[in-house]
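Peer 1: Handing you this structure, nothing more for now.
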Amino acid sequence: MSISPNRVRTLAERSDDTIDYSDIPQLDDRFFEAAELVQLMGKAQVTMRIDSDVLDWFRAQGKGYQTRMNAVLKAYMITQSKR
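Structure follows, in structure tokens:
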């Protein structure tokens, strides 16, 4: 879902007082006691050789293709680790 720059500007100009929180439960102490800190893994910049057709296919998917390539590799790693 894309959002136009004009819509972003309109939303940014709104006061927080106009936000309807009635359908959002309030977070209590139990929520924060059960919360866990998740450390994101750092990314490493690498150079690797990929078949041209594979790279072309991912690039054709649009912006974020490298993130999707990483997700595919991560899913493969997780699957193989369970063997």
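Mapping of the sequence shown onto our numbering: position 1 corresponds to residue 270, and the numbering continues sequentially without gaps. Even for Gly, the Cβ is constructed at its ideal location relative to N, Cα and C. Computed from a prediction, not measured in an experiment: that's the story for all the values here.
1. Confirm, please, whether the CB-CB distance from residue 327 to residue 335 is below 9 Å.
2. By alpha-carbon positions, which one of 279, 352, 340, 280 ends up nearest to residue 312?
3. In chain order, which continuous runs of the beta strand (DSSP E) of length 3 or greater are located wholly inside the region 318-345?
4. Quick check on DSSP: helix, strand or coil for residue 350?
5. Starting from residue 304, trace the alpha helix (DSSP H) in both directions and tell me its first and last residue.
Peer 2: In brief:
1. Between residue 335 and residue 327, the gap from beta carbon to beta carbon is short of 9 Å.
2. When each option's Cα is compared against that of residue 312, the closest is 340.
3. Segments of the beta strand (DSSP E) lying fully in the region 318-345: there are none.
4. Helix, per DSSP.
5. Note, residue 304: premise wrong, no alpha helix (DSSP H); not H, not E.
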